[in-house]
Ligand SMILES: [Zn+2]
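Residue numbers (my numbering): -1 to 310.
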């Protein structure tokens, strides 16, 4: 937070990094640091002043959070218009005004274009924080007007220690593998209900692949879950099938607890098919929050999966 002290903070920061690394927490801490009236050494917010208390209560007038109306949906132009109108007014407290856009990759094209004007004509004492794990989905025009802040992956040992302090009962290594090493995501997955959900979905995945379940029925069930998570699990299973087919002894797996079943299924499919399935999953991920509704997208993926499997 050196920029804060020198008063030369860039007016828009693009905070990037994998899911579950605490990007939004970092953004909130930075906001708190700017809004706090008696921040300590290194910009640490005091936690007690009026600004800090308002922020904690979630109703600081100079801290605005812009999110999709529902997770996985787009941030629309009306939301950005409303924000840019408010942006031109002076701050309520006479200090900084901070806006958090999360996830920034949810901005649809019209919303991004509308935001662009604000990024081009910065108002002093304002800061816009764009948080994303998929920076490639943001238009280059937006990216080029922000200063980049990369949140790195912590080393495995550190992540494991932290996770153990939060969830001592959990299978730490499995959770970190499932989360590709990102500690907050791993903690999120530590919820037994989430792990049960994953187990049930994996069973249905194999059932569709072997022709034992109707892909459309399964798609309707999966559609009730958070689409980003469904797609990340689905891609993870296929990635592991590819890895195990290429290097049967690999230790680098996203789902080490499912080694045997994924290996078996992967071996029953040609490489070409596996890559097509993976492409389908990536395309669906790119289209999240876009035009295609999520159930249709899942139907498309699962019909493809059903078509490639060996009927038992
Ligand atoms: Zn304070």
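Think of the CB as a built atom: it goes at the ideal place given N, C-alpha and C, for glycine as much as any other residue. Remember, it's a predicted structure, so these values are computed and weren't measured experimentally.
Beta-carbon proximity list for residue i, same chain, < 7 Å, skipping 5 on both sides
i, result
"residue 22", "100 and 129"
"residue 224", "69 and 70"
"residue 282", "229, 295 and 299"
"residue 177", "18, 183, 184 and 187"
"residue 265", "243"
"residue 217", "293, 296, 297 and 300"
Own chain partners of residue i with C-beta closer than 6 Å, once the 5 adjacent residues on each side are dropped
i, result
"residue 104", "66, 72, 73 and 287"
"residue 120", "9"
"residue 3", "Low local confidence applies: a pLDDT of 45 at residue 3 is under 50, so the model's placement there is unreliable, and no value is given."
"residue 310", "Here the model assigns residue 310 a pLDDT of 44, short of 50, so the residue's position is not dependable and the matter cannot be decided."
"residue 275", "236"
"residue 42", "none"
"residue 62", "97"
"residue 164", "185"
Strand pairing of residue i, partner residues [DSSP]
i, result
"residue 35", "Paired residues: none, contrary to the question."
"residue 129", "13"
"residue 124", "95"
Enclosing beta strand (DSSP E) for residue i [first to last residue]
i, result
"residue 145", "145 to 148"
"residue 95", "95 to 99"
"residue 64", "61 to 64"
Residue range of the alpha helix (DSSP H) that includes residue i
i, result
"residue 10", "Careful: residue 10 lies outside any alpha helix (DSSP H), inside the beta strand (DSSP E) at 10 to 14."
"residue 268", "Looking at the DSSP string, residue 268 is not in any alpha helix (DSSP H), and its letter there is neither H nor E."
"residue 74", "Looking at the DSSP string, residue 74 is not in any alpha helix (DSSP H), and its letter there is neither H nor E."
"residue 236", "225 to 244"
"residue 219", "213 to 220"
"residue 112", "107 to 118"
"residue 192", "190 to 207"
"residue 304", "292 to 306"
"residue 140", "138 to 141"
"residue 51", "48 to 54"
"residue 168", "No alpha helix (DSSP H) holds residue 168; DSSP gives it neither H nor E."
"residue 184", "181 to 187"
Chain-order list of residues whose beta-carbon lies under 8 Å from that of residue i (same chain, five-residue window excluded)
i, result
"residue 305", "none"
"residue 211", "202 and 205"
"residue 193", "187"
"residue 231", "196, 199 and 200"
"residue 152", "19, 160, 179 and 181"
"residue 145", "8, 10, 11 and 12"
"residue 303", "203, 206, 207, 213 and 275"
"residue 84", "62"
"residue 79", "112"
"residue 285", "295"
Cβ distance (whole Å) where residue i is taken to contact residue j below 8 Å
i, j, result
"residue 64", "residue 97", "6 Å"
"residue 141", "residue 133", "6 Å"
"residue 109", "residue 136", "Rounded, the Cβ-Cβ distance is 11 Å, inconsistent with contact."
"residue 254", "residue 172", "7 Å"
"residue 30", "residue 52", "10 Å between Cβ atoms; not a contact."
"residue 114", "residue 139", "6 Å"
"residue 221", "residue 112", "Actually they are not in contact, since the Cβ atoms of residue 221 and residue 112 sit about 30 Å apart, beyond 8 Å."
"residue 15", "residue 148", "6 Å"
"residue 256", "residue 246", "Residue 256 to residue 246, Cβ: 14 Å. No contact."
"residue 94", "residue 28", "Wrong, their Cβ atoms sit about 10 Å apart, outside the cutoff."
"residue 143", "residue 118", "7 Å"
"residue 25", "residue 127", "4 Å"
"residue 44", "residue 37", "6 Å"
"residue 273", "residue 233", "Residue 273 to residue 233, Cβ: 12 Å. No contact."
Between the segment 43 to 56 and the segment 147 to 163, do at least 3 Cβ pairs fall closer than 8 Å?
no
Quick check: the segment 183 to 191 against the segment 12 to 22, are at least 3 beta-carbon pairs closer than 8 Å?
yes
Three or more C-beta pairs closer than 8 Å, one from the segment 267 to 276 and one from the segment 248 to 255: is that the case here?
Between the segment 267 to 276 and the segment 248 to 255 there are fewer than three inter-stretch CB-CB distances shorter than 8 Å, so the stretches are not counted as touching.
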